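Peer 1:
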Amino acid sequence: MKSLDSFQAKQELKVGGKRYQIFSLNSVPGLEKLPFCLKILAENLLRNEDGENVSADQIARLANWQPGAGDKTEVQFTPARVLMQDFTGVPCIVDLATMREAVQELGGDPERINPQVPAEMVIDHSVIIDSFGSSQSFEHNVDAEYERNRERYQFLRWGQGAFANFKVVPPGTGIVHQVNIEYLARGVFTDTVDGQVLAYPDTCVGTDSHTTMVNGLGVLGWGVGGIEAEAAMLGQPVSMLIPPVVGFKLKGAIPPGATATDVVLTITQMLREHGVVGKFVEFYGEGVSSVPLANRATIGNMSPEFGSTAAIFPIDRVTVDYLRITGRSEETVDLVEAYAKAQGLWHDPQRQVQYSEYLELDLATVVPSIAGPKRPQDRIELRRAKQAFKQVLTPTYTATADQPTEIDLGGKKYTLNNGAVAIASITSCTNTSNPSVMVAAGLLAKNAVEAGLTSKPWVKTTMAPGSKVVTDYYREAGLWKYLDALGFNLVGYGCTTCIGNSGPLLPEVSQAVSERDLAVVSVLSGNRNFEGRINPDVKMNYLASPPLVIAYALAGTMDFDFAKDPLGTRPDGTKIFLTDFWPSASQVEKVVATSIDRSMYVSDYADVFSGDERWRNLEVESGKLFSWDPESTYIRKPHFFADMDRQPADVEDIEGARVLLKLGDFVTTDHISPAGQFASSSPAGKYLLSHGLRRTEFNSYGSRRGNHEVMMRGTFANIRIKNQLLDGVEGGFTRDFTRPGGPQESIFEASQHYREAGVPLVILGGREYGSGSSRDWAAKGTLLLGVKAVIAASYERIHRSNLIGMGVLPLQFPSGQTADSLGLTGNERFDITGLEALNRTIPRTVTVTANRGTLKPITFEAIVRIDTPGEAKYYRNGGILPYVLRKLTS
């Protein structure tokens with residue numbers, strides 16, 4: 003739709019002999035004073051002003067933005083593109099394929115269902131580390147990946163041919179966010195409109211929380227649920243409130259011995275303590291220019307861990323230099339610089355910008371750190387790591403304190419104790435995209451090998467870079483052989499351990515864990531370490547920089563003090579400490595400067611969408627409608643649109659609901675919808691066994707996201723989830739109140755009994771409910787289990803939005819109250835009244851009555867967490883996709 007251009011903002015920009023049309027921010031007084039991130043939002047509104055979704059009043063409100071607690075004005079953000087990874091992307095394409103059929107059934111044209119903006123998927127979440135410690139590990143793991151995921155990949159190749167504006171980066175290429183910053187991100191978009199070339203900022207939303215990594219490039223983007231991403235692909239703007247902006251001042255320089263990982267763990271702790279949920283974070287100050295682009299990307303990547311919507315660095319010389327070295331054309335680089343300067347988007351440390359809130363970090367104060375054992379914001383100074391481990395080693399993690407276990411590995415006896423490092427993995431886009439920490443790891447490996455040190459034999463050591471460029475510069479620097487010598491051989495280019503695809507532990511270690519209840523640990527260079535995420539045998543997980551991952555592989559235990567405990571001895575008997583072979587900053591800088599060049603990026607991304615022979619040789623059908631295979635256990639047609647009417651039914655009160663789960667604080671989307679492996683005895687396992695699959699063919703929950711039958715059985719099936727309806731029980735179980743006495747039952751089986759009995763369900767949650775990954779199946783599965791409402795103390799942004807996107811009502815306990823403080827046990831029957839008002843407006847509260855048989859009911863006013871009129875439209879329609887479908891066929 004053509005912009006109304008009420009402010010006559012459309013102007014011409016000349017760059018290198020070419021003419022571009024832009025919507026000038028200088029045309030609206032007041033926009034010049036905004037923070038960088040809000041300027042990008044303002045341009046988006048100017049360009050998309052249509053009088054319906056975007057009005058002149060919204061633009062004026064943004065121009066008059068005051069740096070207080072935020073603005074309750076709803077605006078509609080239209081991203082330039084959508085980014086997906088395969089775990090979350092496959093169900094998106096499944097939904098689009100299903101929507102095509104639904105449009106046809108409603109009498110519309112199925113080919114109206116196409117991405118309206120570029121939609122790009124990187125297949126990076128499916129490789130599992132079955133093989134490690136070998137030069138053949140990469141090939142073995144990729145072969146196994148194709149064998150396990152052939153149906154999914156054939157489906158995605160069909161989608162690439164069937165849908166316009168949809169591209170797929172095949173497996174074995176890299177991790178989505180590293181591929182994004184190194185290749186997919188444009189900096190400035192161009193599009194031909196009415197015969198003229200329009201230039202505008204690159205913006206995106208992604209189906210992965212860590213889409214914010216692109217903020218390091220000055221690109222405004224963040225993670226959304228797959229449901230919201232699908233709507234954005236179909237041309238629907240993202241509804242949001244004008245956010246508060248936290249100004250984060252950086253000064254000083256990183257001291258010797260500290261890394262970018264230590265910086266980001268420090269920032270994560272600071273911002274999580276400050277409270278930035280629903281806010282933008284913008285970095286500013288004289289120190290910004292000294293922060294390398296890779297460090298900016300590492301910081302942006304961790305935005306979900308500190309809770310902000312985005313964490314952005316403005317465009318400056320560092321930005322354009324990075325675009326140049328990563329292979330972008332000179333025309334692109336020149337346009338980014340000229341556009342940023344013309345629009346006032348070029349970083350000027352002298353410009354006074356007002357922010358809603360302020361924080362400051364002197365980089366010189368950063369010290370080596372790790373985070374764990376189950377949350378990324380729980381930073382621990384490395385010098386205190388041993389002590390901190392001892393303090394958390396309680397019966398929560400093990401019942402066998404200080405009881406060593408002997409195992410036999412290759413004919414040699416070794417003793418394992420609590421704290422043994424079972425996994426040391428250099429993985430995840432957060433750090434493998436950062437040459438400084440990756441080179442530091444390579445140099446540390448070199449120095450360790452030359453000192454005669456080796457990784458402990460019980461440690462599963464793995465290296466999964468985020469792109470092939472890492473392999474190139476390791477080879478150029480001559481560092482691969484040292485990493486290989488310590489067992490850090492290439493296992494794949496993918497998310498691997500960070501997403502739960504760590505693969506099995508050594509059988510002897512796994513057996514010892516099972517028999518003796520050992521609390522073994524993983525150490526990984528990732529961004530997530532939630533309970534039950536990394537490996538089912540590993541209870542404690544720690545985040546660390548790549549060189550520290552290697553250091554812990556050498557130590558073999560978390561019960562280790564690197565300052566006091568030696569890692570080995572030299573032939574002359576002197577002890578070897580970590581400080582003896584930790585590479586200096588100057589050594590790292592020299593290798594980075596001499597081993598990385600533009601040609602590596604140009605070569606590695608020259609034909610990025612074509613894939614290898616495995617990808618090209620997949621058998622793929624053609625056609626605009628997908629032919630569903632009724633025997634498939636990977637791709638099945640969901641029934642989200644079954645029997646959908648052209649008009650939505652009225653919203654009604656919820657009566658007689660039972661509690662499916664009563665949960666505590668910080669329940670993550672990993673708890674709600676796990677991504678890793680699952681047992682034969684689980685509901686999902688039983689389903690696959692009933693379809694003739696062997697246990698070895700199960701793959702993971704994440705890879706089965708195209709099959710709603712598996713995913714709803716896996717909802718709330720995390721082995722570490724604690725449902726407070728049961729005492730001392732972990733895992734996916736609940737009380738089934740449809741049966742006398744409310745006996746224990748699997749959550750899936752109980753939900754089916756409730757469905758048969760016509761009983762609606764609610765969930766009671768604590769603080770920060772649904773934090774973590776932007777996992778749409780956490781909301782889809784909740785809906786399919788029959789849950790009508792969630793009542794929590796507070797929510798993380800994406801999951802709350804996803805619940806609304808699936809037609810599940812998010813309610814919040816009154817301020818300062820919880821289920822426990824109100825006296826709720828979960829045994830009650832719940833009535834939620836006042837919902838009819840949602841047919842007309844958004845009520846601030848609704849009345850919840852918890853009926854307790856002969857006892858007096860507990861009544862309270864729950865806050866309705868439908869925050870914008872746009873969200874209300876989605877909820878009234880039973881979700882965002884039914885809303886879009888009705889709109890397209892109206």
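Just remember that the numbering used here sits 2 ahead of the position in the sequence shown, which is counted from 1. For glycine and all other residues, C-beta sits at the position ideal for the given N, C-alpha and C. This one's a predicted model, so the numbers in the text were calculated from it and none came from an experiment.
1) Which residues in the same chain as L887 place their Cβ atom closer than 8 Å to its Cβ, once the five residues preceding and following it in sequence are excluded?
2) Among E284, A164, M714, R83, whose alpha-carbon lies nearest the alpha-carbon of T209?
3) State the Cα-Cα distance for the pair E591 and R878, rounded to the nearest angstrom.
4) Under 7 Å Cβ to Cβ from R114, same chain only, skipping five residues before and after it: list those, please.
5) Which stretch, first to last residue, makes up the alpha helix (DSSP H) that contains V604?
6) Just tell me which of K41, T670, A794 has its CA closest to the CA of V355.
7) Compute the distance between the beta-carbons of Y554 and V525, then report whether it is under 8 Å.
8) Ignore the nearest five residues each way along the sequence and tell me which others in T820's own chain have a CB closer than 7 Å to its CB.
9) Could you work out which residue in Q60, S8, E147, G480 is closest to G505 when comparing CA atoms only?
10) Which class does L813 belong to by DSSP, given the choice of helix, strand or coil?
11) Which same chain residues end up closer than 8 Å to P568 when comparing Cβ atoms and leaving out the 5 residues on each side of it in sequence?
12) Considering only the beta carbon of each residue, do T835 and L805 sit closer than 8 Å?
13) Assuming D833 contacts T847 (C-beta within less than 8 Å), just tell me the rounded distance between them.
14) Check the DSSP bridge columns for P203 and list the partner residues they point to.
15) Do E359 and V248 come within 8 Å of each other at the CB atom, strictly closer than that value?
16) My guess is that T396 and P406 are in contact by the Cβ rule of under 8 Å, so how many angstroms apart are they, rounded?
17) Can you have a look at K392 and say buried or exposed, based on whether 16 or more other CB atoms are within 10 angstroms of its CB?
18) Using C-beta distances below 7 Å, list every residue in its chain close to S624, excluding the 5 sequence neighbours before and after it, in chain order.
19) Can you tell me whether DSSP reads N841 as helix, strand or coil?
20) Please list, in chain order, all residues of the same chain as P81 whose beta carbon is under 6 Å from its beta carbon, the five residues on each side excluded.
21) When you compare the stretch 734–753 with the stretch 810–819, are there three or more beta-carbon pairs, one atom per stretch, that lie closer than 8 Å?
22) If you draw a straight line from the C-alpha of A677 to the C-alpha of T261, how long is it?
23) Over the uninterrupted alpha helix (DSSP H) stretch that includes T670, give me the two end residues.
24) Sorted by chain position, which residues of the same chain lie with C-beta nearer than 7 Å to V451's C-beta, five sequence neighbours on each side aside?
25) Bridge partners for G208 per DSSP, in chain order?
26) Could you check if Q238 is buried or exposed, using at least 16 other CB atoms within 10 Å of its CB as the buried criterion?
27) Going by C-alpha to C-alpha distance, which of T175, A231, G218 sits closest to I183?
28) Report the start-end ranges of each alpha helix (DSSP H) in the stretch 124–184 that is 4 residues or longer and not cut off at the edges.
29) When the Cβ atoms of the stretch 375–384 are set against those of the stretch 266–283, are three or more pairs found closer than 8 Å?
30) Determine the burial state of N50: buried for a count of at least 16 other Cβ atoms within 10 Å of its Cβ, exposed for fewer.
31) Is Q746 helix, strand or coil when you go by DSSP?
32) What is the residue span of the beta strand (DSSP E) that L15 lies within?
33) How far does the alpha helix (DSSP H) with G783 in it extend, from its first residue to its last?
34) Can you say whether K376 is buried or exposed, counting buried as having 16 or more other CB atoms within 10 angstroms of its CB?
35) Given a cut-off of 8 Å on the beta-carbon distance, is the pair I61 and L47 in contact?
36) Within its chain, find whatever has a CB closer than 6 Å to the CB of H693; leave out the 5 residues flanking it on each side and keep chain order.
Peer 2: Quick answer:
1) M101, A104, V105, L108, F643, M646
2) R83
3) 56 Å
4) V105, L890
5) Start and end: 600–606.
6) V355 has its Cα closest to that of K41, out of K41, T670, A794.
7) yes
8) Excluding residues within five positions, the ones whose Cβ falls inside 7 Å are G768, A795.
9) E147
10) strand
11) K577, I578, F579
12) no
13) Actually they are not in contact, since the Cβ atoms of D833 and T847 sit about 14 Å apart, beyond 8 Å.
14) V190
15) yes
16) Wrong, their Cβ atoms sit about 19 Å apart, outside the cutoff.
17) exposed
18) G163
19) N841 falls in the helix class under three-state DSSP.
20) T205, C206, V207, A234
21) no
22) 30 Å
23) Looking at the DSSP string, T670 is not in any alpha helix (DSSP H), and its letter there is neither H nor E.
24) Y484, A487, L488
25) L85, G225
26) buried
27) Comparing Cα-Cα distances from I183 to each of T175, A231, G218, the minimum goes to G218.
28) 139–164, 178–181
29) yes
30) buried
31) strand
32) Where L15 is concerned, the enclosing beta strand (DSSP E) stretches over 12–17.
33) 778–786
34) That one is buried.
35) A distance below 8 Å separates the beta carbons of I61 and L47.
36) T635
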